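**Q** Following this message is one structure expressed as C-alpha cells.
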Amino acid sequence: MLPSSRPAGADALSSAKAQAAQIEQQVQAIGQQISALGQQYDAAEARVAALNAEITSTQSKISQDRQQVQKDLRTLRKSAINAYVNDGQAAAANPLFASNQSSVVAQQEYNQVAEGDVGAAVADLHTAQSELAQQVGTLRTQQSQASQAAATAHNAVQQDQSLVNQRDATLAQVKGQIATLVQQQAAAAAAAAAAAAQRQIATAQNAAGQGAGGSPPPPPPPPPAAGGAGSVAVAAAESQIGVPYVWGGESPRGTPGDPSGGFDCSGLTAWSWGQAGVPLPHYSGAQMADSTPVPISDLQPGDLLFYGPGGSQHVAMYVGGGEMIESPYTGASVWITGLRLGSGFAGAGRP
C-alpha cells in the first residue's frame, strides 16, 4: 500500500480557504451596497438643497402677492367710497331739476369712471388672490417633496448603519477563518520541514557557498499620470490616501476644524478634479453625465470609473498601471486598489 501524497488535513484546509474566499466576496458586496447608499444620500441631499432654494423663491413670491392683495384692497376701498359719494351726488342732480345741463353730463361721466375704477379694483384683487393661492399650493408641494427627500437621506443613513453592522459581523467570521487557516498552514509547514530537514540543510550550505541570494525586487509603482489636469487630479487624490470615508464628505486632510478630513467616493473625485480647476458635481451619477465617455483601451490617469446604473452607485479614479484610487465605504479609507471592470461597472469618463 502506498501512502497518499495528499495530507490528511489538505481537504479541510482547502474547504476553509474556499469558505474564507466566499466570506470575503460577501464583504466586498456589502461594501458596494454601502457605497451605493452613500450616493443615494448625496442625491437626496442635492434634491433637498434644490427644493429649499425653490421654497425660498416661492416664499418671496408669496410675500409679493400678499403685498399686492393689500394694495388692491386699499384701492378697492377708495374706489368704493368714491363711488358711494359720487353716486349720491348724481341722484340729487337729476336732469329734470338741473339748472345747468352741461354740469349734469360731466357729473354722469365722472360717475361712470368711478364705477369703472371699482370694477377694475375688484378684478385686480381677484387676480392677486388667485396668484397667492397658487403660490401657497406650490409651496406646500415643495415642502412635502423636501420632507420626502430628507426622509430618503435619513433612511439611507439607517440602512448604511445596518450594513456596517452586517459587514463587521462578516469580518469577524473572516478573521476566525483566517486564524484557523494560519493554524492549519503552520502545522502543515512544520510537518513538511521535519520531513525535509536534511535537504534544507544541504540547500542552505550550497547557498552559503555561492553567496547570499536576494529576494526578488518589489514590483515597480504605477507609472506617473500623464501631463495636464489628469495628473493634477491624480496627485491630489493620492495626497489623501488614508483619509477616512465620510458620508457626503468632501473635506481634505488638515481642513481647519476637521484635521482628519473625510470623503465619500464622489466627494474625493470632485475635490481632486477641483484642484485641477475642473468643477464636478458631488454625485457619481451627475459626474458620469458630465463626463465624456472613454473606452477602456484608452484609459488615462485621472479618468473616472463608474459603477451602477448611470454611474449612480460608485465612482473611482484611474491612476495608471491597472490601478485606481477610491474612497470605498463607511469604515474604510482612501486607498489604491486594482482596477475593477466586472459586474456593476458602468463605464469610464473623462471630465
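Residue numbers (the numbering used here): 17 to 367. Glycine is no exception: its CB is placed at the ideal position from the N, C-alpha and C atoms. Predicted model, so just to flag it, every value in this text is computed and none were measured.
1. Which residue's Cα is closest to the Cα of W263: G54, V43, D81?
2. So, using beta-carbon positions, are D81 and E147 closer together than 8 Å?
3. Does D314 have its Cβ less than 8 Å from a Cβ in chain D?
4. Indicate whether the contact test is met: 3 or more Cβ pairs, each with one atom in the region 253-273 and one in the region 300-309, closer than 8 Å.
5. From what residue to what residue does the beta strand (DSSP E) around W351 run?
6. How should P317 be labelled, buried or exposed, when 16 other C-beta atoms within 10 angstroms of its C-beta is the threshold for buried?
7. P236: buried (16+ other C-beta within 10 angstroms of its C-beta) or exposed?
8. Apart from the five residues on each side of it in sequence, which residues of its chain come closer than 8 Å, Cβ to Cβ, to A166?
9. To the nearest whole angstrom, what separates the beta carbons of S288 and A253, a pair I think is in contact under 8 Å?
10. Classify D176 as buried or exposed, calling it buried when 16 or more other Cβ atoms lie within 10 Å of its own Cβ.
11. Measure the Cβ-Cβ separation of G365 and L320 and say whether it is below 8 Å.
12. Looking at the structure shown, is A348 part of a helix, part of a strand, or coil, going by DSSP?
13. So the candidates are P344, T285, G363, G354; which of them puts its Cα closest to the Cα of P309?
14. With DSSP collapsed to three states, give me the class of L296.
15. Since V248 and G278 should fall inside the 8 Å C-beta cutoff, what is the C-beta to C-beta distance between them, to a whole number of angstroms?
16. State the Cα-Cα distance for the pair A149 and S163, rounded to the nearest angstrom.
17. Just the C-alpha distance for P234 and G283, rounded to the nearest angstrom, thanks.
18. How is I78 classed by DSSP in three states: helix, strand or coil?
19. Need the endpoints of the beta strand (DSSP E) that L320 sits in, please.
20. Does I257 come out as helix, strand or coil in the three-state DSSP assignment?
**A** Looking at the atomic coordinates:
1. G54
2. yes
3. Considering every chain present, this structure includes no chain D. It has just one protein chain.
4. no
5. 351-354
6. buried
7. Low per-residue confidence applies at P236: pLDDT is 41, beneath 50, and the placement is therefore not dependable, though the value from the model is reported in the following sentence. Label assigned to P236: exposed.
8. A60, V64
9. 4 Å
10. buried
11. yes
12. coil
13. G363
14. coil
15. About 21 Å separates the two Cβ atoms, so there is no contact after all.
16. 21 Å
17. With a pLDDT of 47 at P234, under the threshold of 50, the modelled position of that residue is not reliable, and no figure is offered here.
18. helix
19. 320-323
20. coil
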